[in-house]
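Taking it in order: structure first as structure tokens, then the write-up.
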Amino acid sequence: MLVEAYDVGRTWIRGALVADAAGAEKPRIIKRVKEPAQQDFCSQIELLSKKLRDGVVPDSVSLTVPGRVENGVLLQSLTLGLRSPIDITQRLCELHPIVCVENDLNAALEAEINDGVGALHRSFYLLTLSTGISAGIALDGKPVQANPVRGNAGEFGHSVLERRVDYTFKCSCGNRGCWNSVCSEQGMENLSTLFFEDRIASEQLFYLAQHGNERAQWVVELAKDYNAQGIGMMINALEVEAIAVMGSVGLNQFSQVMPSREQISKYTINPVPDIVPTRLGGDVELIGAFYVGCREIKMKKRERRFMS
Numbered sequence: 008m009l010v011e012a013y014d015v016g017r018t019w020i021r022g023a024l025v026a027d028a029a030g031a032e033k034p035r036i037i038k039r040v041k042e043p044a045q046q047d048f049c050s051q052i053e054l055l056s057k058k059l060r061d062g063v064v065p066d067s068v069s070l071t072v073p074g075r076v077e078n079g080v081l082l083q084s085l086t087l088g089l090r091s092p093i094d095i096t097q098r099l100c101e102l103h104p105i106v107c108v109e110n111d112l113n114a115a116l117e118a119e120i121n122d123g124v125g126a127l128h129r130s131f132y133l134l135t136l137s138t139g140i141s142a143g144i145a146l147d148g149k150p151v152q153a154n155p156v157r158g159n160a161g162e163f164g165h166s167v168l169e170r171r172v173d174y175t176f177k178c179s180c181g182n183r184g185c186w187n188s189v190c191s192e193q194g195m196e197n198l199s200t201l202f203f204e205d206r207i208a209s210e211q212l213f214y215l216a217q218h219g220n221e222r223a224q225w226v227v228e229l230a231k232d233y234n235a236q237g238i239g240m241m242i243n244a245l246e247v248e249a250i251a252v253m254g255s256v257g258l259n260q261f262s263q264v265m266p267s268r269e270q271i272s273k274y275t276i277n278p279v280p281d282i283v284p285t286r287l288g289g290d291v292e293l294i295g296a297f298y299v300g301c302r303e304i305k306m307k308k309r310e311r312r313f314m315s
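Rendered as structure tokens:
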């Protein structure tokens, strides 16, 4: 199968032609495109598709998006600044007869079950630290299904970790002190205002910390303790065999933001499992989109056989 896969983010849109190959350990990306994200991402994908295909016809088109998805409709995405529904399958219907859309974390979890930490563990979390914080949950090798209208099963990023007024920041959900508000990309920038006169971008903050800036190191250490608290809360809620980490902050700054086993143990009564970056790296969403696209192809084939 050949799937034209897209991962839509706040900053970038990435596309790829992803194929399954006989004997391959995991799906193979055979061509890529990447562009800064535009507000009208559907129109942008229509243009990217021409560059990506170059005469090749895929078996399906599959998108992952940050937000709540139901029947191909993106209901809402705080990450993308969208509060009104967008019928993505309708907008992109001319690209292919099969267009499927899935929440990015749900799709990534499917990839992780098939080709990531799921190869070694049956029950695990997939924690994303990026523009937001949340977690996919796999139990007995299967994803925990959430109500499609209410969103993901593991919205741990909107759990309140900080109640001291001087240390709280408003979260995208409207509450204050959420894990998301202190440890996501924007959350790290929020924390920087506690130690710097000016707001510091998260990438710059990590750079300064690595190069010995004491105030930046204080920010990173504070974020690391918040992460220990958040992860401890996750382990208290459900004892798992492992935690895989994804996302721009989680992957690119894993060694800086990930607390030690000892730090996490202060916040949980359960054993702390192995915590590792996803072995699929930054491609986890694209591989997830591939599996979503393959599932839709198989379903359409079954429908055709039934109708015949």
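All residue numbers for the sequence shown refer to this note's numbering, where the first residue is 8 and numbers rise by one. Think of the CB as a built atom: it goes at the ideal place given N, C-alpha and C, for glycine as much as any other residue.
- The distance from the Cβ of residue 196 to that of residue 206 is about 6 Å, consistent with a contact at the 8 Å cut-off.
- By the Cβ test, the segment 119-128 is in contact with the segment 286-298, since at least three Cβ pairs between them sit closer than 8 Å.
- Rounded to the nearest angstrom, the Cβ distance from residue 85 to residue 92 is 14 Å, too far for a contact under 8 Å.
- The DSSP assignment places complete beta strand (DSSP E) segments of no fewer than 3 residues inside the segment 8-96 at 9-15, 19-26, 35-43, 67-72, 75-77 and 80-83, in order along the chain.
- The residue among 202, 189, 296 and 119 with its C-alpha nearest the C-alpha of residue 107 is 296.
- The alpha helix (DSSP H) runs of length 4 or more contained entirely in the segment 220-301 are, from start to end of the chain, 221-244, 255-259, 261-264 and 268-272.
- Spanning the alpha carbons of residue 149 and residue 76 requires a straight line of approximately 19 Å.
- Taking a 10 Å sphere around the C-beta of residue 300, we find 16 or more other C-beta atoms and assign the residue as buried.
- In the DSSP assignment, residue 202 falls outside any beta strand (DSSP E), carrying neither H nor E.
- The shortest CA-to-CA distance from residue 199 to any of 220, 248 and 179 is the one to 220.
- According to DSSP, residue pairing for residue 136 in a beta bridge involves 140.
- With respect to residue 170, residue 147 sits apart: the two C-beta atoms are not nearer than 8 Å.
- Relative to the Cα of residue 36, the nearest Cα in the group 290, 181 and 48 belongs to 290.
- If you draw a straight line from the Cα of residue 240 to the Cα of residue 310, it is about 43 Å long.
- With at least 16 other beta carbons inside 10 angstroms of its own, residue 234 counts as buried.
- Sequence-distant partners of residue 178 (beyond 5 residues in either direction) whose C-beta falls short of 6 Å from its own C-beta, in its chain, are 185, 187 and 188.
- Relative to residue 254, the option among 224, 17 and 278 whose CA is nearest is 17.
- Here residue 277 has 242, 243 and 246 as same chain residues with Cβ atoms under 7 Å from its own Cβ, once five neighbours each way along the sequence are excluded.
- Taking every protein chain shown into account, the CB of residue 21 has 16 or more other CB atoms within 10 angstroms, so this residue is buried.
- Sequence-distant partners of residue 117 (beyond 5 residues in either direction) whose C-beta falls short of 6 Å from its own C-beta, in its chain, are 295 and 298.
- Residue 89 and residue 83 have their alpha carbons spaced roughly 6 Å apart.
- In terms of CA proximity to residue 140, 238 leads the group 266, 238, 151 and 102.
- Here the alpha carbon of residue 110 sits roughly 34 Å from the alpha carbon of residue 224.
- For residue 106, the enclosing beta strand (DSSP E) stretches over residues 106-110.
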